[in-house]
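Heads up, the sequence shown is in this note's numbering, so the first residue is -14 and it goes up one at a time.
Ideal Cβ positions, reconstructed from N, Cα and C, are used throughout, including at glycine.
All values reported here derive from a predicted model rather than from experimental measurement.
Working notes for the structure below.
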Amino acid sequence: MSLAGAELMWTPLQSGFPQQQPPSAFERGPFRPQPGEPIAIVQVGGGAIRPLEEVSPELPAWLQADYYNPQKHRQLVVMGRWQGRLLLVHQVPAAEARKQEWPGLRSWLLQSSAEEFDLLVTAAGLAAWEEQHRFCGRCGSKTKPRWDEYAKECPRCHLRHYPRVAPCIITLVWREDALLLARSPRFASGMYSTLAGFIETGESAEQALHREVKEEVGVEVGDLRYLGSQSWPFPHSLMLGYWARYQSGSLRLQEDEIEDARWFAFDDLPQLPPKTSIARHLIDNFLIWRQGR
Ligand SMILES: [Zn+2]
-14 MSLAGAELMW
-4 TPLQSGFPQQ
6 QPPSAFERGP
16 FRPQPGEPIA
26 IVQVGGGAIR
36 PLEEVSPELP
46 AWLQADYYNP
56 QKHRQLVVMG
66 RWQGRLLLVH
76 QVPAAEARKQ
86 EWPGLRSWLL
96 QSSAEEFDLL
106 VTAAGLAAWE
116 EQHRFCGRCG
126 SKTKPRWDEY
136 AKECPRCHLR
146 HYPRVAPCII
156 TLVWREDALL
166 LARSPRFASG
176 MYSTLAGFIE
186 TGESAEQALH
196 REVKEEVGVE
206 VGDLRYLGSQ
216 SWPFPHSLML
226 GYWARYQSGS
236 LRLQEDEIED
246 ARWFAFDDLP
256 QLPPKTSIAR
266 HLIDNFLIWR
276 QGR
């Protein structure tokens, strides 16, 4: 798959907000498999995905076609239905994935289509859940999967444990002549991106946006516009994307988090995040919108 395919993830900005994404062709849910029915399995371990040696022409290079066999597949997590098959996640120990040098999830995402992106992110989320919620957090009993929703239930105290989703804000701060972009020490060399941070418990997305921008770069913003969202499995974020207009203050960078932040003129932007990311979506659509003003 080329990056051109990945760009389909976002419909181009026409006019108005928020943006609409088409529904996913992937039907989520822990459907009960029938013996002998066609399935496909993805193996996930320690944030890496197993590449297949023999790839089916109709499936991505990480989905192994098979037929459901209760003896063999009972322990796998059912992820949903796609192209007439049930998809199953096989969560394997991280050490095994490391030993076999499986490519990291990030590198698969960079070359995936919009549909494959959905599948990979869901598989990663369910694998992490499978690994981290084997026992009840309240009473310590071994949990059991439910078949009516993605949930593990404690047979003793009946507490349900759901796959984790951590909402985050991500925002492009702009002013009339420039975009505010920043670098984290974790970024690839030379790349600048939008600001982002986790929403704290009890906080609205907009409150988090004001707080994060103030903490990370020391400025005040206003005129927030919601553009859309993207699931991002590092580790289990849901990125809520905004534009925010600069209001006041001068740049003061948060130590450890922000290595550099600057105002960049529209015709002199640095290296930007890949096209598959919501950060890039926020930037590219801003430039389109600004041209049309
Ligand atoms: Zn319990």
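* Please name the residue, chosen from 198, 67 and 150, that lies closest to residue 223 on a Cα-to-Cα basis. => With distances taken between Cα atoms, residue 223 lies closest to 150.
* To do: Give, in chain order, every unbroken run of the alpha helix (DSSP H) that is at least 4 residues long and sits entirely within the region 174 to 213.
  => Counting whole runs of 4 or more residues, the region 174 to 213 contains the alpha helix (DSSP H) stretches 190 to 202.
* Asked: Taking 7 Å as the cut-off, is the CB of residue 44 close to at least one heavy atom of ligand 1?
  -> False, no ligand heavy atom lies under 7 Å from that Cβ.
* Leaving out the 5 sequence neighbours to the left and right, which residues in its chain are closer than 7 Å to residue 129 when beta-carbon positions are compared? -> Within the same chain, 137, 138 and 140 come within 7 Å of residue 129 by CB-CB distance, once the 5 residues on both sides are set aside.
* Enumerate in chain order the residues of its own chain whose CB-to-CB distance from residue 81 is below 8 Å, with the five nearest sequence positions on each side excluded. => Counting only Cβ-Cβ distances below 8 Å, and skipping sequence neighbours, we find 30.
* For the beta strand (DSSP E) holding residue 45, just list the boundary residues, first then last. => Unbroken run through residue 45: none, as it is neither H nor E.
* **DSSP state of residue 23 mapped onto helix, strand, coil** => When DSSP states are grouped into helix, strand and coil, residue 23 belongs to the strand group.
* To do: Tell me whether the beta-carbon of residue 15 lies closer than 8 Å to the beta-carbon of residue 114.
  => In this structure, residue 114 does not lie closer than 8 Å to residue 15 by Cβ.
* Since residue 230 sits in a beta bridge, which residues does DSSP pair it with? -> When DSSP reads this structure, residue 230 sits in a beta bridge with 159 and 207.
* Asked: ligand 1 heavy atoms versus the CB of residue 123: any closer than 7 Å?
  -> Look at residue 123: its beta carbon is less than 7 Å from one of the heavy atoms in ligand 1.
* In three-state DSSP terms, what is residue 276? -> DSSP, reduced to helix, strand and coil, places residue 276 within a helical segment of the structure shown.
* Pull up the distance between the alpha-carbon of residue 144 and that of residue 256, whole angstroms please. => Answer to the nearest angstrom: the Cα atoms are 47 Å apart.
* Tell me whether residue 178 counts as near ligand 1, meaning its Cβ is closer than 7 Å to at least one heavy atom of that ligand. => Not under cutoff, so the answer is no.
* residue 205: which of 211, 188, 196 and 23 sits nearest, CA to CA? -> Out of 211, 188, 196 and 23, 196 has the C-alpha closest to the C-alpha of residue 205.
* **Spatial distance of residue -9 from residue 95 (CA atoms)** => Low confidence applies to residue -9: its pLDDT is 33, below 50, so where it sits in the model is not reliable enough to give any reading.
* Asked: Among 103, 250 and 162, which residue has its Cα nearest to the Cα of residue 66?
  -> Out of 103, 250 and 162, 103 has the C-alpha closest to the C-alpha of residue 66.
* Which residues in the same chain have their Cβ closer than 6 Å to the Cβ of residue 1, if we skip the five residues on either side of it in sequence? -> Residue confidence is low: residue 1 scores 36 on pLDDT, short of 50, so the model does not pin down where it sits. No coordinate-derived value is stated.
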